[in-house]
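**Q** Going by the working numbering, the first residue of the sequence shown is number 12, and it counts up by one from there.
The beta-carbon is built from N, C-alpha and C at its ideal position, and this holds for glycine as well.
Here you go, one structure.
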Amino acid sequence: MHKRSKLVLAALAAAMLLALAVGSTSARNLSVNEQSLRVVWTPAEFIAGGRTARCNLTLEGRFHYRTIVKREGALTGFINSVIANTCSGGSTTILTSTLPWHLTYGGFTGTLPNITGVRMTVIGISFTVRPEGSIACLARSTAENPARSIANLGAGGSVTGLRADETAIIPLEGFFCAFGGSGSFRGTGTVSTPGGGSTRVTLI
């Protein structure tokens with residue numbers, strides 16, 4: 012009887028380990044339902060030195076694959092089209108010659124398997140910004156100072172919005188910049204496929 016109990020306990024332990032292994036494997040990657048994405052801010056804000064420039068911003072990009080490895084810093088895709096218009100509080104010009112910009116995975120929010128958001132970073136963002144009453148300066152995100160955002164997830168992994176991380180500092184270049192040496196983005200954009208469909212992110 013004692014021997015049988017040991018066998019039962021051993022079997023239960025093995026089953027638990029197997030379940031944990033399967034759970035770990037199933038949560039190893041993320042899956043997107045569509046490789047192309049479109050994000051629209053109306054508006055996006057760039058804040059520097061107490062001044063805010065607001066512009067409507069449309070960004071389009073593409074993931075390399077529908078499966079995204081959950082490894083921070085992994086290159087997941089590119090941003091290949093950016094349009095800024097209808098500005099207030101200043102003006103901005105996107106340096107389209109610097110496209111494409113690199114899109115990388117930055118982690119997740121929530122607790123597995125119920126994640127509430129996916130962090131993304133963009134390296135290579137380049138634009139000039141000129142708040143009212145000041146002069147134009149170059150803003151550029153780098154590997155050391157990337158632009159960061161969080162894709163908020165709703166029911167079924169539906170992306171309900173892409174929120175800019177205001178704590179991400181974007182360096183400014185220009186000897187006569189009068190409004191500070193760095194800035195940050197603020198705002199939440201709507202996310203969809205280029206055709207207007209919904210975007211979903213799920214664990215696999």
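#1: So, helix, strand or coil for G84, using DSSP?
#2: Taking only three categories from DSSP, how would you classify G192?
#3: Measuring alpha carbon to alpha carbon, tell me which residue in W52, M131, A59 is nearest V80.
#4: Look up A95 in the DSSP assignment and give the residues it is bridged to.
#5: Taking the CB atoms as reference points, tell me whether L48 and G72 lie closer together than 8 Å.
#6: What first and last residue would you give for the beta strand (DSSP E) that runs through F57?
#7: Please go through the stretch 126 to 162 and give each complete beta strand (DSSP E) segment of 3 or more residues, from N-terminal end onward.
#8: What is the DSSP secondary structure of A166, reduced to helix, strand or coil?
#9: What is the residue span of the beta strand (DSSP E) that G208 lies within?
#10: Would you tell me roughly how many angstroms separate the C-alpha atoms of C66 and Y116, rounded to the nearest one?
#11: Where L41 and T87 are concerned, what is the direct C-alpha to C-alpha distance, given to the nearest angstrom?
**A** In terms of the structure at hand:
#1: DSSP places G84 in coil when its eight states are reduced to three.
#2: The answer is coil: DSSP assigns G192 none of H, G, I, E or B.
#3: Ranking the options by Cα distance to V80, first place goes to M131.
#4: By DSSP's assignment, A95 forms a beta bridge with L68.
#5: Yes.
#6: Unbroken beta strand (DSSP E) run through F57: 47 to 59.
#7: Runs of the beta strand (DSSP E) inside the stretch 126 to 162: 137 to 142, 148 to 151.
#8: Note: A166 maps to helix in three-state DSSP.
#9: In the DSSP annotation of this structure, G208 is not part of any beta strand (DSSP E), being labelled neither H nor E.
#10: Whole-angstrom Cα-Cα distance: 26 Å.
#11: Cα-Cα distance, rounded: 11 Å.
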